[in-house]
Each structure stands twice: as structure tokens, then as C-alpha cells.
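Remarks on the structure that follows.
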Amino acid sequence: MTAARCWPSMDMLRSEPMQLVQLIIPIESAHRAISYLGDLGLFQFKDLNAEKSPFQRTYATQIKRCGEMARKLRFLRDQMKRTGFLSSSWSPMGTNVNLDELEVKLGEYEAELLEMNTNTEKLQRSYNELLEYKLVLEKASQVFYSAEHNAIAQHREVEQALGEGSIDSPLLLEQEMSSEPSKQVKLGFVSGLVAREKSMTFERILFRSTRGNVYHRQVVVEEPVTDPVSGDKVEKNVFVVFYSGERAKNKILKICDAFGANRYPFPDDIGKQYQMITEVSGKLSELKTTIDIGQLHRATLLQSIGYEFEQWNLLVKKEKSIYHTLNMLSLDVTKKCLVGEGWCPTFATNQIQNVLNRATVDSNSQVGAIFQVLHTKDSPPTYFRTNKFTSAFQEIVDAYGVAKYQEANPGVYTIVTFPFLFAVMFGDWGHGICLFLATLYFILREKKLSNQKLGDIMEMAFGGRYVIMMMALFSIYTGLIYNEFFSVPFELFGRSAYDCRDSTCREASTLGLIKVRHTYPFGVDPKWHGTRSELPFLNSLKMKMSILLGVVQMNLGIILSYYNAKFFRNDLNVWYQFVPQMIFLNSLFGYLSLLIIVKWCTGSQADLYHVMIYMFLSPTDDLGENQLFMGQKFLQIALLLAALVAVPWMLFPKPFLLKKQHEERHRGQAYALLDSTEDDSFELEEHKGSRGHEEFEFSEVFVHQVIHTIEFVLGAVSNTASYLRLWALSLAHSELSSVFYEKVLLLAWGFNNIFILIIGIVVFICATVGVLLLMETLSAFLHALRLHWVEFQSKFYEGDGYKFSPFSFVSIGDDEE
Amino acid sequence: MGFFVTTLIFLVVGIIASLCARICCNRGPSANLLHLTLIITATVCCWMMWAIVYLSQMKPLIVPILNESE
């Protein structure tokens, strides 16, 4: 399908020529070769093992290994995130770590971290328990002290009530306290901590279950305590419960467990209490130092991991993708090599061969890799070499459909016409400047922003920064032409053409001004703004402009289809599609455009609606006052006949001629094809859709042609009308902008109050940014996109190709699991 | 300035722009052709828009009628 190039080739117009290539790589250099090919990023592998399940493939174990390592890396990253470390910015290409070494290292690190984590947890738990114990010791002693004090006081009262204070009665309190133990009631007690929110319920249940035979005291702990089990800070109270009897004790213990109240032993003796407190304090400080040392150790470990983490991560991802690719090659066991097939651009042949040689040398292999071009009828993938500027426009086109291999790429013209049509709908040079400044920010901080992770919407805006820049530049131009700066006109390019009829200007608001000077040289005359006849004039202008622009763009589309036909040596398409299409479109809408221009140039009062409609209804009638030039009637009849002839010209000949062509080709296939595979030693795999005899269904082709013709004929009318959205959106934009200016800013100015002015300015800015700069931009973007996708591309674009997606490591770095 | 003078100005600007593109970013014949195409397309689009607006104002059928408050 090559074509004689009688004109020089243009960069993005057609896909790069692609070739199907077979690679035969010896096993020892296979891994390295694939790795280098991934760095190069210009080879798309075909999956030769598509029928095999993932487990049957050659390198399934390797992939499992990589998966294991990826899991360990995720665990490490999780640990780092928990400690608050961010994996540091790229330490590029440090030491080249071997995959096996890395596996061992990762295993070690994982085990070490897990161990450290469990130890820390245990230590922390003991620490918290000891803290609680200390609290119990401190607070419960208060309870005991006050309880004993009360008991002694009561005892003394009872004694005094009984006897008059004999000489035996002890004078000092301590002696009283150490009075006969047999006189004291034998009480057991339980002490511990309970959560404050549960304390009331706790008390109540204790009371009910022991039938009131317990004495319960609670002391509030001021600060929240870290609960050993859950690790959270909880407000707790210290409680002491006095009971008598075994059954009561069991009940109380069970209730404590149910409420998650931790129990701690409390020694009776004051001396022992002090001893316990010092002991516990000592243990606490010991534990704290141990825990701190442990944390420090962990932190240093994680930091050292953090330096190399990104590199390891990338390495593991790379290896995984290399093994996936290796799985796509078929193993030729007898010859100890791997056979792979794939697509690559023709210009990359030398680069790929160099890469393969380098792999052979680096892996000390005896046998070199073989690079062989195959001939096939498969349709190759489409590849355009784009840079950062053109890639955004190409993506816009690809979103509709990827170009068929080597058909004309609408992306070339989209680079200019898309921002231009946007600007026709957006035209305001004030807004254009704002948009330009915004996108300038993106472009100037390009390098920095492309490494950061932006949100979804910002990502889209950043990706389209060059598109938006072009849109802004064209908007400034069309804004100058429409003479709108936030809807305010300026007299920038000379004097306005209109002035009063006489010096008194009496009739300015009834009959209007007249044109006294030559036409305003650039754009819409500034005198129009705010007048009563502004809208009729602008509407007429913008509608006619939309039709003219539309007809030009559609003609461009049809001309591109001519170039496609010439490239693919399809003469049928030239004579039986391109020519009648041009005739049909131009005899109707091209003629309308001509009439518009003639009317403007001559200033005639002819009614163009009338002319066009009666051209069809009664073409032989006299035009009368709608006549624009001599011989118009005959021209109209001639054009009408041409359009009528063009329709069957598009419809009938092509299917019959296609049938004849097929029969001729069919007759020729009785002889064997000469360009079968040259090399007999390798067997090419037959793909499922391989052509044997091409089927030719005449009825199908004819119906296809009917549909195509109807689509074009009806589309000519509807697409031309569709371009009127250029008028509609531009009207909406200018009206919105004028409303915001007059009804917000000028109104606020009219009050002569500084506060109202400030409020007015703020509202104006918010409305401009929100409605005009964001919503209108999106709206005009969408409509310009639709005009391109439907009206322009339907004239020539097939768009049923598939994109070239080479095996490359570039995209792997962005891949988040 | 008349219609044709300004059209000539557009043509000259287009030629200057393509020369600048050829001087500044000369990257081989196919890339040069792409740049030339883009510049021609942009020039034609801009000229068309200016010409349409200019022609429609040359012999106007409607004139500005001011508002009462003016």
C-alpha cells in the first residue's frame, strides 16, 4: 500500500510506516534484550501465547516472585507512611541492585520490621499497664486512708458512747489503727481502673449483683489514660470495691472482666505501698528508655529504606513487566531461543538492531539475536511522533477514533482550527488575556508540576495547557475583532465610521447615525455597542460568518478525502466520490457563500432566504429585486442541475465498479501468490482473521453506498446549519459579559459608595471567573470539539485503526497499584 | 486603509511568520512542511475572519440607532 510521493511528506499527516518484525533471541540474552527494548520504547510485542492461561506460561514463577516482592514493598511503604516518612525524591540509578539480592534483602527487612513491631507493641502494653498500676497505687491509697479514718472515727465514737474514756484508750491514732485485727471485719477488696463512661453502669451492676453487699469508691483520674488493650486515650476512674465472701469475689471479678476494667493488686501496708510506687516508677523509666531506643532503631531502619525505596519499587515493576513480555514470546525448545513478533516503526530498525547487539554483548552470549521483517496483510498500528505541544491535540482526535494506518490525520489542522473555532465562540480579549495568564502559569512551572501528583481536574487542565494557550491567543485576536474587552468596545484602530446625520444629532435615536467615513479598519465598529440596532446587525454578521467558516471547513474535509484517495491509489474514490461531493456541496452552499459575499460587496437589499428557497421551488421564475448579478437565474438553474446530477453520480457507479474490480482480482487468484514467506525454516502463525478469499456481497456494498450518499446529502444541510452554533455561543458570551458589566459593575459604581463598589467588584470578578472563564470555556470547548468530530471529520475520516502502544518503561513509573 | 491593502498586510505577516519559523526551528523537511501548513492555516483563518467582518461593514443596510438616554 505504498504510494508514489510526488510531494514531500509532512510530519504528522500520516502514520509512520510500520513493519511487522520477527525477533529470535537466545535465552541467555533474552532478559537483557527485553530490558533494553523497554528502555527504547519503540517495539510493540504481539502475544504469541494468547491461548495459554497465566499459569501455563514459561515465566509464571518469576512473576509470582515479583508479586511477592511487590507485596513486601507495599508493606514497607505502609510502615514508612505510618511513621510519617515520605519516600524521598528519586535517588536516580544508585547501585544497580540485582533482583535476587533485592529479594533476600526485602525478606530480611520485612521480618525485622515485623519483629520490631510486635516487640514494641508488647513493651507499650506493659508500659501502659504499669502506668495504670501507678495510678491505682496513688489514688487508691486516698480511698483507704479516708475509709480507715472514717472507720476509726466511728469506732471511737462508739467507744466513747460506751465508756468514759478509760486510761487504756490509746491517744494516738496509729495505735488505734493497729488495734486488734480480730475486731476489724475481714474485708477483701478489688482495685483497678474502669472507663469513666462505664463507671455508673459498673457501680449499678455491682450493687445489684451483690445485693448491695459491697462498698464501692471511685476516684476520678484527671488526665486521660492510654488503655493498654486498645492503645487509645480513655478517661478512667480508679475504683476500689470492698466485699466479703468468695461468691461475691467471683461475681465482682467477672463483672470487672466484662467491663474491661483492669485490676491491679494493692498492698495494705503503707510502707509496702511506697515501696511498690518506687518500684513501679523505676520499671516505667526503664521501659520508656527501651521503647525509645526501639523506636529510634526502627526510624533509622525505615529512613535507610526510604532512600532506596523508589529505586527498588521501580526495579520490581520493571522486572514484572519484563517477565510479562517474555511470556508473550514463544519458546523454541529445540533451538534454545525465544521467538517474538511485533510491530515497530521503520525508522527504528537501526536502533532496535543496535539494542539487540548490545544485549548480546552484555550477556556474553555466543549467538546474536536475529531481526527479520515479515510481510503481512494485517493492518499495522498507527503511530504519530508527537511532541509535548502536539500530543494534546492528537489526543483530542484520538478520543473520537484512532486513525486508520496511514490515512490523513485531522490532528494537523485541528492544531489551528480547533482553537480558532473556540475563539469565534469566546471572542473577548479581556477574557482571553485572563485565560492566557492562567495557562502561562502552567507552562512556566511545567517541569515542577509534571512530577507532582495533581488532582483529577487539575491533571486534565495541565495536560491541555498548550491547547488552552492556543485558545487564549486566538480569543485575544477574535476579541479584538469583535471589539469586546469585558464587553466594552474601544476605538483602537482608527476613528469610527459612524456619526450623526447633522450637527444637532436630533435623529440619533430614531433614524440613527450614518456612515460618514471609510469603514472601521479592524473589527466591529465601536459605535454599535449599546445601540438599539446592535443585535440585528451582529446577528446577521455572525450567522453569515458561521456559514462561511462552516463551508470552508467542510470543503477542507472533502479535499482531505481527495488526498487520501490519491495516497491509497483509489481512483474510484476520486471520480465517484470526491468529485460529486464537491459539486453537490459547492453548488448549494458554496453558492450561498458567494451570494453572501456579493450582497456585502454591493450593498444590495436582496433577501437571501428568498433566493435560496425559490431556487428550489421555482427556479425558472424571474428574480426581480432579489437579483444580485447578471445571469443569476441561469447560474442558479445550472447549479441546481449539477446538484441533482451529483446525487446519482455518488450513488450508482461505485458498487458496480467495485464488483468489476473484485471479479478481475478473483480471476487473477487462480495463479499462486509469489510473495509467500521466503524463509521456510520458520512457520508463521496463522492469525484467526487471515484472509483467504475476500468475500464480496454486492447487496451489502450497494446498501453501504446508499447509506453513505444519504448521509452526505442530508449531512450537507444539517452540518451547515450546525455551524450556526458559532453564532449562538458567541451571542451568549457577549450578552452574559455585557450583563455582568452593566448590571453589576456600573450599578455598583453608580451608588458612589466605596463599600458597595468593593462588593460590586468582588461579585463581578466571581461571576466573570465562574460563569465566563470556567463555564463558557468548557461550553465553547465542547462545541468546537463537536464541530470537529462530526462536521469536519465525517467528510473524510475513517478512524478505525488502533494505537501503537510499545513496550516501554516510561509509563510504569506513573502506575499506582 | 482599504480591503486589499490590509489583505496584503496579512499576506506579508504570514510570510514573515513562516520565515521566522524556518529560521528558528529548522528540523528537517517534513517538520518544516508541518510548520508551514500550520502557519498558512492560521493566517488564512485570521484573514477570513477579518475580511468577513470588514466586508459586512462596507455597505451597511442597518445603521446604529442610539438609545434614548444617550
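Those protein sequence lines, which keep their order, are chains A and B. The first sequence lines up with residues -4 to 812 when you count with my numbering. The second sequence lines up with residues 39 to 108 when you count with my numbering. Backbone N, C-alpha and C fix where the C-beta goes; we use that ideal spot for every residue, glycine too. Fair warning: this is a prediction, and the values are worked out from it, not measured in the lab.
Exercise. In its own chain, which residues sit with a C-beta less than 7 Å from the C-beta of S136 (chain A), not counting the 5 before and 5 after it?
Worked result: Q268
For this session: Work out the CA separation of Q95 (chain B) and Y477 (chain A) for me, nearest whole Å.
Result: 12 Å
Exercise. Which term fits F848 (chain A), buried or exposed, when burial requires 16 or more other beta carbons within 10 angstroms of its beta carbon?
Worked result: Because chain A here runs from -4 to 812, residue 848 (chain A) falls outside it and cannot be looked at.
Exercise. Among residues of its own chain, excluding the 5 on either side of M5 (chain A), which ones have a beta-carbon nearer than 8 Å to its beta-carbon?
Worked result: V407
Problem set entry | Spatially closest choice to N105 (chain B) from A:K448, A:L508, A:L125, A:L71, by CA coordinates | A:L508
Exercise. Using a C-beta cutoff of 7 Å, does A28 (chain A) count as contacting chain B?
Worked result: no
Exercise. Between A:F481, A:K448, A:D263, which lies nearest to V734 (chain A) when the distance is taken from Cα to Cα?
Worked result: A:F481
For this session: Kindly say whether T79 (chain B), judged by its beta-carbon, lies nearer than 7 Å to any beta-carbon of chain A.
Result: yes
Problem set entry | the region 524 to 549 of chain A: positions lying closer than 8 Å to chain B by Cβ | G525, T526, R527, S528, E529, P531, F532, S535, L536, K539, M540, L543, L544, V547
Exercise. Distance, Cα to Cα, V189 (chain A) vs F70 (chain A)?
Worked result: 36 Å
Problem set entry | Whole-number beta carbon distance between P3 (chain A) and T341 (chain A), since they are thought to touch under 8 Å | Not confirmed; about 17 Å, so no contact.
Exercise. Name the chain A residues that come within less than 9 Å of C63 (chain B), Cβ to Cβ?
Worked result: Within 9 Å Cβ-Cβ: nothing; C63 (chain B) doesn't reach chain A, min ~11 Å.
Problem set entry | Assigned secondary structure, F480 (chain A) (DSSP; H/G/I helix, E/B strand, else coil) | strand
Exercise. Relative to the alpha-carbon of N789 (chain A), which residue among A:T715, A:H728, A:F234 has its alpha-carbon at the smallest distance?
Worked result: Residue 789 (chain A) is actually Ser in this sequence, not Asn. Of the listed residues, the one whose Cα sits closest to S789 (chain A) is A:T715.
Problem set entry | Residues in the region 47 to 77 of chain B having any Cβ partner in chain A nearer than 8 Å | P67, S68, A69, L71, L72, T75, L76
Problem set entry | Distance, V275 (chain A) Cα to Y128 (chain A) Cα | 8 Å
Exercise. Ordered along the chain, which non-local residues of its own chain (more than five positions away) have a Cβ less than 7 Å from that of A59 (chain B)?
Worked result: H73, I77
For this session: Establish whether the CB of V91 (chain B) and some CB of chain A are separated by less than 7 Å.
Result: yes
For this session: Answer yes or no: does any C-beta atom of chain B fall closer than 7 Å to that of Y718 (chain A)?
Result: no
For this session: Counting only the same chain and skipping the five closest in sequence on each side, list residues whose C-beta sits under 6 Å from that of G427 (chain A).
Result: A467, S470, I471, G474
Exercise. Taking three-plus beta-carbon pairs below 8 Å as touching, is the region 188 to 205 of chain A in contact with the region 249 to 256 of chain A?
Worked result: yes
For this session: Taking the CB atoms as reference points, tell me whether P376 (chain A) and V392 (chain A) lie closer together than 7 Å.
Result: no
Exercise. S4 (chain A) touches chain B at which residues, Cβ-Cβ below 9 Å?
Worked result: P67, S68, L71
Exercise. Does the distance from the CB of M367 (chain A) to the CB of Q17 (chain A) come in under 7 Å?
Worked result: For the record, residue 367 (chain A) in the displayed sequence is Gln; it is not Met. In contact: Q367 (chain A) and Q17 (chain A) (Cβ atoms closer than 7 Å).
Exercise. What whole-angstrom Cβ distance do F413 (chain A) and F388 (chain A) have, given they're in contact under 8 Å?
Worked result: 7 Å
For this session: Using a Cβ cut-off of 7 Å (strictly closer), state whether I438 (chain A) contacts chain B.
Result: no
Exercise. DSSP three-state call for F691 (chain A): helix, strand or coil?
Worked result: coil
For this session: Could you check if I54 (chain B) is buried or exposed, using at least 16 other CB atoms within 10 Å of its CB as the buried criterion?
Result: exposed
Exercise. Under a three-way DSSP split, which group does Q548 (chain A) fall into?
Worked result: helix
Exercise. Measuring CB to CB, does I398 (chain A) end up less than 7 Å from Y31 (chain A)?
Worked result: According to the sequence as given, residue 398 (chain A) is Ala; it is not Ile. For A398 (chain A) and Y31 (chain A), no; Cβs fall outside 7 Å.
Exercise. S325 (chain A) bridges to which residues according to DSSP?
Worked result: A:V334
Problem set entry | Residue environment, M195 (chain A), which counts as buried when at least 16 other CB atoms sit within 10 Å | exposed
For this session: Taking E479 (chain A) as the reference, give the member of A:L439, A:D520, A:Y461 with the closest Cα.
Result: A:D520
Problem set entry | Beta-carbon contacts of W424 (chain A) that lie in its chain and below 6 Å, excluding the five residues immediately before and after | I471, G474, L475, F480
Problem set entry | Pairwise C-alpha distance: V758 (chain A) and V739 (chain A) | 7 Å
Exercise. Between S491 (chain A) and the rest of its own chain, which residues show a CB-CB distance below 7 Å, the 5 nearest in sequence each way excluded?
Worked result: Y515, D520, P521, K522
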